[in-house]
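Chains as they are written, first to last, in the numbering used here: chain A, 1 to 356; chain B, 1001 to 1267.
Written as structure tokens, this is what we have:
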């Protein structure tokens, strides 16, 4: 009896990690079928291309676990990219140093980005506006303000040194010769330049460090526990003395922080700020969270699952491009995976332990 | 019990909602280790009365004494602080969290991670939860199971353990057996007996007369917001109680004298 239960538990805990196998299978498939798919460069490209989805999805995970949803992040990316770029351009034009202009732009975008999240949180938690409506309102408002700030045209002429940060890598390695940290080794010949291996884009480093911190917060801390509790039963959390309203405001601020960070990384990667930046990634982000095991009813979800969900989409996207398959097929594939994810979730029974 | 002081005493509690007087000038005393059943038809004011005691509602008139001292209970947290725990019919457990996380919800035990940040101390919470479950002789397969996987009776047991762990001096249970199967009902009632034998007084609200008769020492019968009768369980019958509830028998409750002592307090 207990043996059988154990076998069952093992079976279902393997099944529940199916997305991990799915991601691995995707990579294996494209590596065999595609050309040069399994290379350091290409894998790093996948990580870079997934930046926006990874960031939006991580913030969205917190919101979805509480049983809400944050649609505003779609245009929050553009809003924050425009703020970030505009501040950089204006400060440099005012004669300030590039380093100061760049850091001010980033700080301004991240700080200002908290405001819409705060408003969302207050609307949802204190004024009882349904999350879908509150954040959808903010979605439009953020876009409108972004267009006002950038005067309807993308912000260009950013500080020139931005490229070395945004396009830089954590390590550079010249096989057999030299190894350097953060900046390219100096005095390289043309041939050496060509052989230089760049390892881990700066933007990816930032992305994963921040995601890592919040994964820890969600999984290990009281804040994370209360996030799950609110999603499980708001009444239970309230009666247990959790300040549910204040907590929800923080959760929506986390989401908009991640959207702002996505806007900042957009500026770093593309050296421009655009109002519609990242808006096409909103649904991908929600899909990544759901593939990752979160329920839109709240109460479940993990950052690791979300990251895997985002990578499944990223690998698929680059893989299809690699094979020369038109990208509209991506929509079909992502749609199928989403439905599959929800089905697997529905039909896997709850893990029941017999003893500790 | 005559010489004992009541742990909880409410005097002249009145609660109105607009023109409706839900609780009308009610007095009640509960002594250590005693199980008191509050009975009455729908709308008799039972739930409103306990919500006043547990801080959900604020009474329009009347006083509450806990351990002999007058107390103000303006919100549920204040009730919890002085040791009055209420287990509502819906239990208010987070179904997506496991047993020990629910017992510690809102009062999580933390430890330092790398001497830097506070993280949840799962091991401690599990061990402590195990202790309280053992003390109450509650059997749950594993404390790491989510509430969702438990039966109604097990959930009730978890909710009770939660209150007990946090040193409930006084427990209020609203329809504890309402949603349970027969076997589970018995288990919960046994649990109530275990608790009262450990000295924790309990107020039970229930529609199930049989349940109340099997655990309560004393019965308080309410009708249309008023306390109309009080009986020692052993000296009454379900028939008499039903008569009092529906009004076919007249109420016979006497007000306490100026010292708060009941002139006809049953021994």
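No residue lacks a Cβ here, since even glycine has one placed at the ideal position from N, Cα and C.
Considering only residues of the same chain and omitting the five flanking positions on each side of residue i, which have a CB-CB separation below 6 Å?
i, result
"residue 1180 of chain B", "1152, 1153"
"residue 317 of chain A", "330"
"residue 211 of chain A", "58"
"residue 1029 of chain B", "1006, 1009"
"residue 1065 of chain B", "1009"
Can you list, in chain order, the residues of its chain whose CB lies under 7 Å from that of residue i, leaving out five sequence neighbours each side?
i, result
"residue 1067 of chain B", "1007"
"residue 1228 of chain B", "1221, 1222, 1244, 1251, 1253"
"residue 1093 of chain B", "1102, 1147, 1155, 1158, 1159"
"residue 1033 of chain B", "1196, 1199, 1201"
"residue 6 of chain A", "none"
"residue 228 of chain A", "65, 299"
"residue 119 of chain A", "138"
"residue 169 of chain A", "198, 199, 200, 201, 202"
"residue 338 of chain A", "287, 290, 291"
"residue 192 of chain A", "174"
"residue 276 of chain A", "78"
As a quick exercise: from the options, pick the residue whose alpha carbon is nearest that of residue i.
i, options, result
"residue 269 of chain A", "A/235, A/205, A/36, A/125", "A/205"
"residue 1009 of chain B", "B/1242, B/1221, B/1201", "B/1201"
"residue 1184 of chain B", "B/1112, B/1039, B/1150", "B/1150"
"residue 1206 of chain B", "B/1019, B/1027, B/1038", "B/1038"
"residue 122 of chain A", "A/138, A/110, A/107", "A/138"
"residue 1239 of chain B", "B/1209, B/1079, B/1119", "B/1209"
"residue 1043 of chain B", "B/1203, B/1065, B/1053, B/1016", "B/1016"
"residue 1162 of chain B", "B/1040, B/1080, B/1116", "B/1080"
"residue 167 of chain A", "A/143, A/27, A/45, A/341", "A/45"
"residue 1123 of chain B", "B/1108, B/1116, B/1219, B/1021", "B/1108"
"residue 235 of chain A", "B/1175, B/1242, B/1076", "B/1076"
"residue 1053 of chain B", "B/1219, B/1171, B/1167", "B/1171"
"residue 130 of chain A", "A/27, A/280, A/70, A/182", "A/70"
"residue 182 of chain A", "A/165, A/192, A/189", "A/165"
"residue 1128 of chain B", "B/1114, B/1099, B/1145", "B/1099"
Assuming contact is defined by CB atoms lying nearer than 9 Å, are residue i and residue j in contact in what I supplied?
i, j, result
"residue 1193 of chain B", "residue 1212 of chain B", "no"
"residue 233 of chain A", "residue 1085 of chain B", "no"
"residue 1082 of chain B", "residue 1169 of chain B", "yes"
"residue 282 of chain A", "residue 56 of chain A", "yes"
"residue 265 of chain A", "residue 135 of chain A", "no"
"residue 226 of chain A", "residue 1225 of chain B", "no"
"residue 215 of chain A", "residue 307 of chain A", "yes"
"residue 68 of chain A", "residue 124 of chain A", "yes"
"residue 1045 of chain B", "residue 1024 of chain B", "yes"
"residue 77 of chain A", "residue 278 of chain A", "yes"
"residue 254 of chain A", "residue 242 of chain A", "no"
"residue 221 of chain A", "residue 1097 of chain B", "no"
"residue 37 of chain A", "residue 31 of chain A", "yes"
"residue 1036 of chain B", "residue 1204 of chain B", "yes"
"residue 79 of chain A", "residue 91 of chain A", "no"
"residue 218 of chain A", "residue 302 of chain A", "yes"
"residue 116 of chain A", "residue 141 of chain A", "yes"
"residue 97 of chain A", "residue 274 of chain A", "no"
"residue 257 of chain A", "residue 48 of chain A", "no"
Residues in its own chain within less than 8 Å of residue i by CB, not counting five upstream and five downstream?
i, result
"residue 334 of chain A", "284, 287, 313, 316"
"residue 19 of chain A", "291, 292, 293, 305, 308, 309, 312, 341"
"residue 1041 of chain B", "1223, 1245, 1246"
"residue 1118 of chain B", "1110, 1111, 1112"
"residue 161 of chain A", "98, 99, 102"
Could you list which residues in chain B have their beta carbon closer than 8 Å to that of residue i, in chain order?
i, result
"residue 192 of chain A", "Within 8 Å Cβ-Cβ: nothing; residue 192 of chain A doesn't reach chain B, min ~41 Å."
Whose Cβ in chain B lies nearer than 9 Å to the Cβ of residue i?
i, result
"residue 222 of chain A", "1108, 1110, 1118, 1119, 1120"
"residue 237 of chain A", "1092, 1094, 1105, 1106"
Below 8 Å on C-beta distance, what does residue i contact in chain A?
i, result
"residue 1170 of chain B", "Under the 8 Å cutoff, chain A gives no residues; its nearest Cβ is about 16 Å from residue 1170 of chain B."
"residue 1113 of chain B", "220"
Just the chain A side, please: which residues come within less than 7 Å of residue i by C-beta, in chain order?
i, result
"residue 1095 of chain B", "232, 233"
"residue 1149 of chain B", "350, 352"
"residue 1146 of chain B", "350"
"residue 1066 of chain B", "Near residue 1066 of chain B there are no residues of chain A at all, since even the closest Cβ is about 19 Å away, more than 7 Å."
Tell me whether residue i counts as near the ligand NAD, meaning its Cβ is closer than 8 Å to at least one heavy atom of that ligand.
i, result
"residue 227 of chain A", "The ligand content of the structure shown is nil, which means the ligand NAD is not present either."
If the cut is a Cβ gap below 7 Å, which residues of chain B does residue i touch?
i, result
"residue 300 of chain A", "1096"
Below 9 Å on C-beta distance, what does residue i contact in chain A?
i, result
"residue 1101 of chain B", "225, 228, 229"
"residue 1076 of chain B", "238, 239, 241"
Count Cβ pairs between the region 1150 to 1170 of chain B and the region 1125 to 1137 of chain B that sit closer than 8 Å; are there 3 or more?
yes
At a cut of 8 Å, does the region 192 to 200 of chain A reach the region 173 to 181 of chain A through at least three beta carbon pairs?
yes
Contact between the region 289 to 298 of chain A and the region 74 to 87 of chain A: three or more CB pairs below 8 Å?
no
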